[in-house]
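Student: This structure is in structure tokens; I'll ask about it shortly.
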């Protein structure tokens, strides 16, 4: 009888140990990605200053994350891993020099989704000047 | 499976008829022969009442977990009993306890079950059932079998009444020797659920399970193990006869999250999965008084596939549970008593696919993210003590539920304690048996919390989550009464009528009612 009870106790401990990993993944590293976004001005244009809010829309959940925390055209952001469509919020633009003349222009980006499912990602985003 | 059940019932009927034929005199109406018939009739009536008492006793209920090992089911009862009944049940809630479950239900059913001992220590058992009904005002659920597939439900905010019909068949065979026992059993359940106005879900679910077990004698106990395999499948679609202006169906992901990309009227889905269960058991070899132990681990895996999107595997839920039960039943003189402790830990881990762009009508899955977690810890202590016709059954229970979604971060937690008692009055003779039970209890909420980032969640879904949480975090008092009356007619065949009613009063003053009535035969 004692042996049976001992075996049952061991089995309970084993079963709980098996069940424990089923809890939601607390390890954020497996769920989030650290992304470095670099905005690239159009060819023939020198970007002087970039001032815009970039919107990351998760294509599957439609959740949106926005930030304007660019430093010299580079942004570091932590996102839930996923497929994202990047866009520039209305009013975002850059001061640039072209043919020796400095101007301000509103910008947009290509709307093709970007795969951000790796642990780290570097994304170069080509800016398109709005005419 | 169907054959097994039918065979069980036919076998039971044949055994009864054969026994009846043996007792019937083939000569004229002689006095002594008539007396023999009357005595045999009386003996068989008493045997039926004894079997009903045994099968429906508090001790049988308390030790039911151990009988999930079919090897121990074989020798679990000393009396044979077959019952067939038709019944009617209804539920009505002033405010739905959970929107997905509706606020009321009306159903009619047929049910048959049988347990028969055979020669040389063998036993067969089986059950069959059919029910048809309507669940009223179901909102936020178009998928069937909520408890199996949640949180990955296809749902909408419109809802309406849902009609359903369900078939169940099952049976088993076991054999017990002097030193060892073995048994096998299987079952199937089929469910059809539909609605006849927009949105028109139609779901068909089938559930198969098979279990085999063995046990060895260790002193005055039988120590056993069993293993079960399960298969689950549900196909579903939601039609809109007038799709203009409707948002369509949501594919919920847990709490307030949903897969917005696939929201729409193309809601055809397939749930496919299976699992296994392993169990250790200990029970007295004579199935009488003593210690009963059970320890079970169950793991399942159900995947939701979007048929309308080229069979895209969208979400996967892995339910697991560990349960432990210990019961002790005894008799001291005229007092029979028992005590039991049950502890169960259920968990669910939900994984979503990161679906890539559609290329040539193919949706690539880029990654899987474990986004949802759920756990429910239940501990229940119960006891019974009876003397003569009266039996008192107190109980107490703790339930701690924890549910969370990773991003946008959401969580829902409740801790509840409940307690109560039932008083049972039983009166039996060779031809009659009556059981009247009345009791009540109180279910209190120790704490409850809901964290929901409402700005990131659709307003309609927020309303649903808040509604369900508001009900979850309400205490309630409950009272119930039940009655079963059996009357033996002749040749060991009896009829019975049973009914029950329960009333729950929530702390906000709203009421919920449930009632059931059935009539049937037993032999």
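Residue numbers (the numbering used here), protein chains in the order written: chain A, 840 to 970; chain B, 18 to 540. Glycine included, C-beta positions come from ideal geometry on N, C-alpha and C.
Using 8 Å as the threshold, is the region 172-183 of chain B in touch with the region 150-160 of chain B, meaning 3 or more CB pairs across them?
Tutor: Verdict: yes, contact present.
Student: Can you give me the Cβ contacts of residue 225/B inside the same chain, cut-off strictly under 6 Å, excluding the 5 residues immediately before and after it?
Tutor: Here residue 225/B refers to the residue found at position 208 when the second chain is read from its first residue. Closer than 6 Å at Cβ, skipping near neighbours: 205, 248.
Student: Counting only beta-carbon atoms, is residue 824/A nearer than 8 Å to chain B?
Tutor: It is not possible to answer for residue 824/A, since the shown part of chain A is limited to 840 through 970.
Student: What residues in its chain sit with their C-beta under 6 Å from that of residue 144/B, if we drop five residues either side in the sequence?
Tutor: The count along the second chain starts at 1 and reaches residue 144/B at position 127. Counting only Cβ-Cβ distances below 6 Å, and skipping sequence neighbours, we find 130, 187.
Student: DSSP on residue 488/B, reduced to helix/strand/coil?
Tutor: Within the second chain, numbered from 1, the residue matching residue 488/B stands at position 471. In this structure, residue 488/B counts as helix in the three-state DSSP scheme.
Student: Compare the C-beta of residue 521/B against all C-beta atoms of chain A and say whether one is closer than 8 Å.
Tutor: For the purposes of this step, residue 521/B is identified with residue 504 of the second chain, where counting begins at 1. So, not an interface residue.
Student: So with CB distances below 8 Å, who are the chain B contacts of residue 954/A?
Tutor: As a position in the first chain, residue 954/A is number 115, starting the count at 1. Within chain B, the residues near residue 954/A are 373, 383.
Student: Taking the continuous beta strand (DSSP E) assigned at residue 166/B, which residues delimit it?
Tutor: As a first step, residue 166/B must be located in the second chain, where it is residue number 149. First-last for residue 166/B: 163-166, but that is the alpha helix (DSSP H), not the beta strand (DSSP E).
Student: So, at 8 Å on beta carbons, what are the nonlocal neighbours of residue 449/B in its own chain, with the 5 sequence-adjacent residues on each side left out?
Tutor: In the second chain, the residue the question calls residue 449/B occupies position 432. The residues are 66, 502, 503, 504, 505.
Student: Report the rounded CA-to-CA distance for residue 467/B versus residue 417/B, giving the unit in angstroms.
Tutor: Within the second chain, residue 467/B is the residue found at index 450, counting from 1. Within the second chain, residue 417/B is the residue found at index 400, counting from 1. In a straight line, the C-alpha of residue 467/B is about 14 Å away from that of residue 417/B.
Student: In chain order, what residues of the same chain lie with their CB nearer than 6 Å to the CB of residue 915/A, ignoring the 5 residues before and after it?
Tutor: Along the first chain, one-based indexing puts residue 915/A at 76. Correct list, in chain order: 875.
Student: Return the Cβ separation of residue 302/B and residue 237/B in integer angstroms, given the expectation that the two are a contact with Cβ distance under 8 Å.
Tutor: Translated into the one-based positions of the second chain, residue 302/B becomes position 285. Translated into the one-based positions of the second chain, residue 237/B becomes position 220. Their Cβ separation, rounded to whole angstroms, is 6 Å, which keeps residue 302/B and residue 237/B in contact under 8 Å.
Student: Quick one: give me the first and last residue of the beta strand (DSSP E) that residue 439/B is part of.
Tutor: Locating residue 439/B in the second chain gives position 422, counting from the first residue. Per DSSP, residue 439/B belongs to the beta strand (DSSP E) from 427-445.
Student: Hey, residue 518/B and residue 332/B: beta-carbon distance below 8 Å or not?
Tutor: Counted from its first residue, the second chain places residue 518/B at position 501. Counted from its first residue, the second chain places residue 332/B at position 315. Going by C-beta atoms, residue 518/B is not nearer than 8 Å to residue 332/B.
Student: Can you tell which of 274/B, 525/B, 138/B, 231/B has its C-alpha closest to the C-alpha of residue 493/B?
Tutor: Start at 1 with the first residue of the second chain, and residue 493/B comes out as number 476. Selected option, being the one with the closest Cα: 525/B.
Student: Under 7 Å between beta-carbons, which chain A residues line up against residue 425/B? List them in chain order, please.
Tutor: As a position in the second chain, residue 425/B is number 408, starting the count at 1. Per Cβ cutoff of 7 Å: 902.
Student: In angstroms with no decimal places, state the Cα-to-Cα distance between residue 958/A and residue 323/B.
Tutor: Numbered from 1 along the first chain, position 119 holds the residue referred to as residue 958/A. Numbered from 1 along the second chain, position 306 holds the residue referred to as residue 323/B. Roughly 28 Å between the two C-alpha positions.
Student: List, in chain order, every chain B residue whose beta-carbon is nearer than 9 Å to that of residue 870/A.
Tutor: If you number the first chain from 1, residue 870/A lands on position 31. The contacting residues are 386, 387, 388, 423, 424.
Student: Using a Cβ-Cβ distance cut-off of 8 Å, determine whether residue 855/A contacts chain B.
Tutor: Position 16 of the first chain, counted from the start, is the residue given in the question as residue 855/A. With a pLDDT of 48 at residue 855/A, under the threshold of 50, the modelled position of that residue is not reliable, and no figure is offered here.
Student: DSSP has residue 479/B in a bridge; who is on the other side?
Tutor: Along the second chain, read from residue 1 onward, the residue named residue 479/B stands at position 462. For residue 479/B, which the question treats as bridged, DSSP gives no partner whatsoever.
Student: Cα-Cα, which of 383/B, 368/B, 369/B is closest to residue 375/B?
Tutor: Counted from its first residue, the second chain places residue 375/B at position 358. Looking at the Cα atoms, 383/B is the closest of the given residues.
Student: What residues are listed by DSSP as bridge partners for residue 465/B?
Tutor: The residue you call residue 465/B lines up with position 448 of the second chain. DSSP, once it has assigned bridges, lists 431/B as partnering residue 465/B.
Student: Can you name the start and end residues of the beta strand (DSSP E) that residue 137/B belongs to?
Tutor: Translated into positions along the second chain, residue 137/B becomes position 120. Counting along the chain, residue 137/B falls outside any beta strand (DSSP E), and DSSP gives it neither H nor E.
Student: So, for residue 79/B: in the same chain, excluding its five sequence neighbours on each side, which residues have a beta-carbon less than 6 Å away from its beta-carbon?
Tutor: For the purposes of this step, residue 79/B is taken as the residue at position 62 of the second chain. Answer for residue 79/B: 344, 355, 357, listed in chain order.
Student: For the region 238-258 of chain B against the region 285-301 of chain B, are there 3 or more C-beta pairs whose distance is under 8 Å?
Tutor: The region 238-258 of chain B is in contact with the region 285-301 of chain B.
Student: Could you name the residues of the same chain whose beta carbon sits closer than 6 Å to that of residue 340/B, not counting the 5 residues immediately before and after it, in chain order?
Tutor: Counting from 1 along the second chain, the entry for residue 340/B is found at position 323. 313, 361.
Student: Does the beta carbon of residue 864/A come closer than 8 Å to any beta carbon on chain B?
Tutor: Translated into the one-based positions of the first chain, residue 864/A becomes position 25. With a pLDDT of only 46 at residue 864/A, under 50, the local geometry of the prediction cannot be trusted, and the value read off the model is given with reservation. Chain B, which has a Cβ nearer than 8 Å to the Cβ of residue 864/A, makes this yes.
Student: To which residues of the same chain is residue 171/B closer than 7 Å at the C-beta, ignoring the five residues directly before and after it?
Tutor: Here the question's residue 171/B lines up with position 154 in the second chain. Contacts found: 159, 160, 253, 255, 266, 268, 284, 286.
Student: Going straight from the alpha carbon of residue 275/B to that of residue 488/B, what length do you get?
Tutor: The residue you call residue 275/B lines up with position 258 of the second chain. The residue you call residue 488/B lines up with position 471 of the second chain. If I take the Cα positions, the gap works out to 22 Å.
Student: How many angstroms separate the CA atom of residue 372/B from the CA atom of residue 898/A?
Tutor: Position 355 of the second chain, counting from 1, holds the residue named residue 372/B. Position 59 of the first chain, counting from 1, holds the residue named residue 898/A. So the alpha carbons of these two residues sit roughly 8 Å apart.
Student: Starting from the beta carbon of residue 894/A, find every residue of chain B whose beta carbon is closer than 7 Å, and list them in chain order.
Tutor: By one-based count along the first chain, residue 894/A stands at place 55. Going along chain B, no residue has its Cβ under 7 Å from residue 894/A, so there is no contact; the nearest lies around 14 Å.
Student: If distances are taken between C-alpha atoms only, which option among 56/B, 68/B, 124/B, 120/B comes closest to residue 535/B?
Tutor: For the purposes of this step, residue 535/B is taken as residue 518 along the second chain, with counting starting at 1. The candidate whose alpha carbon is nearest that of residue 535/B is 124/B.
Student: Report the neighbours of residue 874/A on chain B: residues whose CB is nearer than 7 Å to its CB, in chain order.
Tutor: Within the first chain, numbered from 1, the residue matching residue 874/A stands at position 35. Near residue 874/A there are no residues of chain B at all, since even the closest Cβ is about 14 Å away, more than 7 Å.
Student: Give the DSSP-derived three-state secondary structure of residue 170/B in the structure shown.
Tutor: The sequence position of residue 170/B within the second chain is 153, counting from 1. Three-state result, residue 170/B: coil.
Student: Could you name the residues of chain B that residue 948/A contacts, counting a contact when the two beta carbons are closer than 8 Å?
Tutor: If you number the first chain from 1, residue 948/A lands on position 109. Neighbours of residue 948/A on chain B: none; closest Cβ ~17 Å, over 8 Å.
Student: For residue 337/B, which residues in the same chain have their Cβ closer than 6 Å to its Cβ, ignoring the five residues on either side in sequence?
Tutor: By 1-based counting over the second chain, the position of residue 337/B is 320. 316, 364.
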